[in-house]
Amino acid sequence: MSGILLSFAHPDDESVLAAGVACKYTASGLPVVLSVATRGEAGKVGDPPACTRDELPVVREAELRRAADVLGLADIAFLGYRDRELAAAPPDAVRQQLVRLLRRHCPEIVITFDPNGSNLHPDHMAISRFTSDAIAAAGDARWFPEAGEPHRIGRLLWTPPQRPWHMMRAPGFPSLPGVDFVVDIRPWSMQKAEALRAHRTQHLSIHRIFFSQPDVDRLLSFELFRQAWGPALGERPGDELFAGL
């Protein structure tokens, strides 16, 4: 097992979607690398405002770094694209950046958004597309030979086809199509909550999704993923992301 690359669009995506996974695998000694395409400058500033609009990208980067400290994420790569404009980024430039990350860190697993971006957010959909494109290129020596030796991942995981906090409320949610892994993150639920709270500018949406809900304990107990590519699964859902690799 050689670790995980989380490829997301904004600061806070990691805490909302994969905080428990980050804690679980960093605690076991595996590297978990985070790639963030934008600094979230089109997001909210909080109510009351935590900063000005002009200050938001710097503040959101600082919030992400605090959350990363909680989650054990020591390696963060900012791709440097503008929030809400990621879909228009030059494909070759994004491809090269992600190929370099893949070849440098050689992850066995990559986690990103599904093609519909979980909620049709254009940046979420764009980073899903860019990540899949880079995974294919990273394994082909003809692409960017100066970026290192080719690397082929073992498994690509997507966020589930619906928002996970909605799916978790469905009776028998582990049997729903698109739920291929259910990771029990209860040992790290406090860290997930702390990482979520580190994103202070985004407290309105985070509170709405998690902390205002009567079943918040349940929502902080599991993380769900869909296998986009990888070896055949012996059972669905699995609970170990590296199973079969």
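Take -15 as the starting number for the sequence shown in our numbering and just add one per residue. Built from N, CA and C at the ideal position, the CB exists for glycine as well. Note that the structure is predicted; figures quoted are calculated from it, not measured.
* To do: Taking only the alpha-carbon atoms, compute the straight-line gap between D53 and M109 and give it to the nearest angstrom.
  => Cα-Cα distance, rounded: 27 Å.
* **Assigned exposure category for S102 - 16 Cβ within 10 Å defines buried** => That one is buried.
* Between P15, D(-3), L86, which lies nearest to P148 when the distance is taken from Cα to Cα? -> When each option's Cα is compared against that of P148, the closest is D(-3).
* Asked: For R139, which residues does DSSP report across the bridge?
  -> In DSSP, R139 forms a bridge with I93.
* Is there contact here, the segment 32 to 49 with the segment 170 to 186, by at least three beta-carbon pairs under 8 Å? -> Cβ pair count under 8 Å is three or more, so yes.
* Asked: What residue range is occupied by the uninterrupted beta strand (DSSP E) comprising L18?
  -> Start and end: 16 to 22.
* Same chain, Cβ closer than 8 Å to P200, five either side skipped, listed in chain order -> Looking at the sequence shown, residue 200 is not Pro but Val. Spatial neighbours of V200 in its own chain (CB-CB distance under 8 Å, excluding positions within 5 residues in sequence) are listed in chain order as F194.
* Asked: Where does L104 land, buried or exposed, given buried means 16+ other C-beta within 10 angstroms?
  -> The residue in question, L104, is exposed, as its Cβ has fewer than 16 Cβ neighbours within 10 Å.
* To do: Assign R66 to one of three DSSP states: helix, strand, or coil.
  => In the three-state scheme derived from DSSP, where H, G and I count as helix and E and B as strand, R66 is classed as coil.
* To do: Would you mind stating whether Y9 and V16 have Cβ atoms separated by less than 8 Å?
  => In this structure, Y9 sits near V16, with a CB-CB distance shorter than 8 Å.
* Rounded to whole angstroms, how far is the Cβ of G162 from the Cβ of R210, which I believe are closer than 8 Å? -> Correct: roughly 5 Å between the Cβ atoms.
* Asked: Opposite G222 in the DSSP bridges: which residues?
  -> Bridge partners of G222: F165.
* Note the first and the last residue of the continuous beta strand (DSSP E) segment covering E207. => Per DSSP, the continuous beta strand (DSSP E) segment holding E207 begins and ends at 206 to 213.
* Identify, in the order they occur along the chain, each residue of the same chain with its Cβ nearer than 8 Å to the Cβ of L188, setting aside the five sequence neighbours on each side. => Counting only Cβ-Cβ distances below 8 Å, and skipping sequence neighbours, we find K28, G30, D31.
* From F(-8) to R23, what distance separates their C-alpha atoms? -> Approximately 11 Å between the Cα atoms of the pair.
* To do: Give the single residue among D107, L55, L1 whose Cα lies nearest to the Cα of A11.
  => Looking at D107, L55, L1, the one whose alpha-carbon comes closest to that of A11 is L55.
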